[in-house]
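Undergrad: Supplied in structure tokens, the structure appears directly below.
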Amino acid sequence: MNGATATPSGRLRACGFGVATLQVFWWTTLVATVALAGAAFVMIPLDWLPWLVATIVVVLVESVIFWVGIITVYLTSVQLGMRIRVIGIVCGWIPIANLIALRLIIRTVRDEVRFETAKEALDRSRAAQRVCATRYPILLVHGVFFRDSRLINYWGRIPAELERNGATIYYGNHQSAASVADSARELADRIRRIVEETGCGKVNVIAHSKGGLDMRWAIAREGIGAYVASLTTINTPHRGCGFADYLLGSIPEPAQRRVTASYNAAAAKLGDTHPDFMAAVHDLTQAGCERINRSIGLGQFPGIVCQSVGSRLLHATTGRFPLNFTYPLVKWFDGPNDGLVSRPSFPWGDWFTWLEPSGDRGISHADMIDLNRENIPGFDVREFYVGLVAELKRKGL
Numbered sequence: 000m001n002g003a004t005a006t007p008s009g010r011l012r013a014c015g016f017g018v019a020t021l022q023v024f025w026w027t028t029l030v031a032t033v034a035l036a037g038a039a040f041v042m043i044p045l046d047w048l049p050w051l052v053a054t055i056v057v058v059l060v061e062s063v064i065f066w067v068g069i070i071t072v073y074l075t076s077v078q079l080g081m082r083i084r085v086i087g088i089v090c091g092w093i094p095i096a097n098l099i100a101l102r103l104i105i106r107t108v109r110d111e112v113r114f115e116t117a118k119e120a121l122d123r124s125r126a127a128q129r130v131c132a133t134r135y136p137i138l139l140v141h142g143v144f145f146r147d148s149r150l151i152n153y154w155g156r157i158p159a160e161l162e163r164n165g166a167t168i169y170y171g172n173h174q175s176a177a178s179v180a181d182s183a184r185e186l187a188d189r190i191r192r193i194v195e196e197t198g199c200g201k202v203n204v205i206a207h208s209k210g211g212l213d214m215r216w217a218i219a220r221e222g223i224g225a226y227v228a229s230l231t232t233i234n235t236p237h238r239g240c241g242f243a244d245y246l247l248g249s250i251p252e253p254a255q256r257r258v259t260a261s262y263n264a265a266a267a268k269l270g271d272t273h274p275d276f277m278a279a280v281h282d283l284t285q286a287g288c289e290r291i292n293r294s295i296g297l298g299q300f301p302g303i304v305c306q307s308v309g310s311r312l313l314h315a316t317t318g319r320f321p322l323n324f325t326y327p328l329v330k331w332f333d334g335p336n337d338g339l340v341s342r343p344s345f346p347w348g349d350w351f352t353w354l355e356p357s358g359d360r361g362i363s364h365a366d367m368i369d370l371n372r373e374n375i376p377g378f379d380v381r382e383f384y385v386g387l388v389a390e391l392k393r394k395g396l
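FYI, the numbering for the sequence shown is 0 to 396, going by numbering that gives the first Met the number 0.
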């Protein structure tokens, strides 16, 4: 799966038109309401018909302006998300609340247009430099309970941003849930096929979450070290998740078997050939990772650039479901975390990067792969990956 890049310029223009239309609606409605209210005291006692006609005309015109604007931004905005869209629909019928919701929509979309316009300008200004055109292609390896899909990209807007800046992208295309050893075999076969079919020699691997464990096993046990130029793990639980140990110890075995059977059946219908939910979960526990690390070691691999990244979520309320639920539990067991994995579990390799931006939001496990396509104040996830890949290029990789 090697996705094509599409420019969002047309969408941005439409989005900008929509928010401008809503701003016009906001101010003209305010002015018209004040004017008609004032005119009512003068006109209605003398001749109410012209005032009524004027009111009807204003309502019709403002209605057209509003619906053109709101439909446009609902269809084109990414940052509105489901929550704000629902707020707009629910509050649209409640006086005063509808004005507050409209201001929220206008502010959100206006900020999106400004941010994305600046991002497009940045990409155009450096297009000739091809800052992400690495010597070896990039292989993106997903984490557990997801699959690579052409319809919904696990990595959000990141692959398209890297491609716009010169990168060649491939995906792991492995199963959503399997043991580390089984996933490693799939990834090893995938890497060999890429190298054989393209003649690229090696790949630069960026692996998220359990994908980092899978790749470490693949290099250590599946003989693909010669085909890997670099391995960057993103929010990988190299020392396991204490929260996973807690869940396995707390949930009755009959319930675990029901969840396993349900997941495996669903995953099989979505393309997994041998899904194994429980094997994946066990390998993510602290006990499971301790066993893995005893087997393959925790050190870096000679001849391969090895590095890791971890991030911190600051509050449960800033993480989307289910991370808003798991964050306080992981914090209780393991301390600062991204909603799933704690800080002590992240570091691995020659370099470790800890991401904790200013502000009161932080960066979650899902934010690190742009899963929700959310622009986070103080942290541009797409630009982070551009910098990551550009550094690989600078190193000759």
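Backbone N, C-alpha and C define an ideal beta-carbon position, used for all residues, glycine too. Keep in mind it's a predicted model, so treat the numbers as computed, not measured.
Which partner residues does residue 206 have in the DSSP bridge list?
TA: BP columns for residue 206 point to 140, 232.
Undergrad: In or out: residue 72 buried (at least 16 other Cβ within 10 Å) or exposed?
TA: Looking at its Cβ environment, which holds 16 or more other Cβ atoms inside 10 Å, residue 72 is buried.
Undergrad: Contact defined as beta carbons within less than 8 Å: I believe residue 174 pairs with residue 160. What is the distance between those atoms, to the nearest angstrom?
TA: Going by Cβ atoms, the distance from residue 174 to residue 160 rounds to 27 Å, so no, they are not a contact pair.
Undergrad: Is the beta carbon of residue 86 closer than 7 Å to that of residue 100?
TA: Their beta carbons are under 7 Å apart, which means residue 100 touches residue 86 by this criterion.
Undergrad: State whether the region 128-144 contacts the region 349-358, with contact taken as three or more CB pairs (one from each stretch) at a distance under 8 Å.
TA: No, because fewer than three Cβ pairs between the region 128-144 and the region 349-358 fall closer than 8 Å, the two stretches do not touch.
Undergrad: For residue 236 versus residue 312, is the C-beta distance shorter than 7 Å?
TA: No, these two residues do not count as a Cβ contact at 7 Å.
Undergrad: Which residues share a DSSP beta bridge with residue 375?
TA: Answer is 378, bridged to residue 375.
Undergrad: Excluding the five sequence neighbours on either side, which residues of its own chain have a C-beta within less than 6 Å of the C-beta of residue 241, listed in chain order?
TA: 285, 332, 333, listed in sequence order.
Undergrad: What's the call for residue 190, buried or exposed, on a 16-neighbour Cβ count within 10 Å?
TA: The residue in question, residue 190, is buried, as its Cβ has 16 or more Cβ neighbours within 10 Å.
Undergrad: Taking residue 377 as the reference, which of 391, 386, 362 has the closest Cα?
TA: Ranking the options by Cα distance to residue 377, first place goes to 362.
Undergrad: Need the endpoints of the beta strand (DSSP E) that residue 351 sits in, please.
TA: Here the beta strand (DSSP E) through residue 351 covers 350-354.
Undergrad: Specify, as a first and last residue, the run of the beta strand (DSSP E) that residue 199 falls within.
TA: Note, residue 199: premise wrong, no beta strand (DSSP E); not H, not E.
Undergrad: Does DSSP put residue 288 in a helix, in a strand, or in coil?
TA: If DSSP states are grouped into helix, strand and coil, residue 288 belongs with the helices.
Undergrad: At which residues does the alpha helix (DSSP H) containing residue 258 begin and terminate?
TA: 252-268 is the extent of the alpha helix (DSSP H) around residue 258.
Undergrad: Flag this pair as touching only if the region 190-206 and the region 216-228 have three or more C-beta atom pairs under 8 Å; answer yes or no.
TA: A contact exists between the region 190-206 and the region 216-228.
Undergrad: Count the other C-beta atoms from every protein chain shown that fall within 10 angstroms of the C-beta of residue 391, then say buried if there are 16 or more, exposed otherwise.
TA: Buried, by the Cβ-count rule.
Undergrad: Rank 102, 68, 269 by C-alpha distance to the C-alpha of residue 83 and give the top, closest one.
TA: If we check each option's Cα against that of residue 83, 102 comes out closest.
Undergrad: To the nearest angstrom, how far is it from the Cα of residue 8 to the Cα of residue 320?
TA: Each residue's alpha carbon lies about 31 Å from the other.
Undergrad: Let's see if you can read the secondary structure: which residues bound the alpha helix (DSSP H) around residue 326?
TA: Residues 322-333.
Undergrad: List the residues that DSSP assigns as beta-bridge partners of residue 169.
TA: For residue 169, which the question treats as bridged, DSSP gives the partners 138.
Undergrad: In whole angstroms, give me the CA-to-CA distance for residue 196 and residue 108.
TA: The straight-line gap from Cα to Cα measures roughly 43 Å.
Undergrad: Would a C-beta distance cut-off of 7 Å place residue 397 and residue 338 closer than the cut-off?
TA: Any question about residue 397 goes unanswered here, given that the chain covers just 0 to 396.
Undergrad: My understanding is that residue 234 touches residue 340, with C-beta atoms under 8 Å, so please give their C-beta distance in whole angstroms.
TA: Confirmed, Cβ separation roughly 6 Å.
Undergrad: Output yes or no for whether 7 Å exceeds the beta carbon distance between residue 154 and residue 291.
TA: Cβ distance not < 7 Å, so residue 154 and residue 291 don't count as in contact.
Undergrad: For residue 375, which residues from the same chain have a beta carbon less than 8 Å from its beta carbon, with the 5 sequence-adjacent residues on both sides left out?
TA: Only 356, 360, 362, 366 meet the Cβ criterion.
Undergrad: Under three-state DSSP, which class holds residue 304?
TA: Strand.
Undergrad: Spell out a yes or no on whether the region 213-226 and the region 258-272 are touching, meaning 3 or more CB-CB pairs, one atom from each, closer than 8 Å.
TA: Contact fails: fewer than three Cβ-Cβ distances are below 8 Å.
Undergrad: Quick check for students: name the residue ranges of the alpha helix (DSSP H) that lie wholly in the region 8-71, counting only runs of 4 or more.
TA: Listed in chain order, the complete alpha helix (DSSP H) runs (minimum 4 residues) inside the region 8-71 are 8-45.
Undergrad: Have a look at residue 68 and residue 114 and give me their C-alpha separation to the nearest angstrom.
TA: So the two alpha carbons sit approximately 20 Å from each other.
Undergrad: What is the DSSP secondary structure of residue 398, reduced to helix, strand or coil?
TA: Not covered by the structure: residue 398. The range shown for the chain is 0 to 396.
Undergrad: Cβ atoms of residue 372 and residue 156: under 7 Å apart, would you say?
TA: It is a contact, given that the beta carbons lie within the stated cut-off.
Undergrad: By DSSP, does residue 152 sit in helix, in strand, or in coil?
TA: The answer is coil: DSSP assigns residue 152 none of H, G, I, E or B.
Undergrad: Shortest alpha-carbon distance to residue 224 belongs to which of 270, 370, 318, 187?
TA: Closest by alpha carbon: 187.
Undergrad: On the three-state DSSP scale, how would you describe residue 91?
TA: Residue state, collapsed to three classes: coil.
Undergrad: Per DSSP, what are the beta-bridge partners of residue 309 in this structure?
TA: Residue 309 is bridged to 353.
Undergrad: By how many angstroms is the C-alpha of residue 64 removed from the C-alpha of residue 20?
TA: Their Cα atoms are separated by approximately 6 Å.
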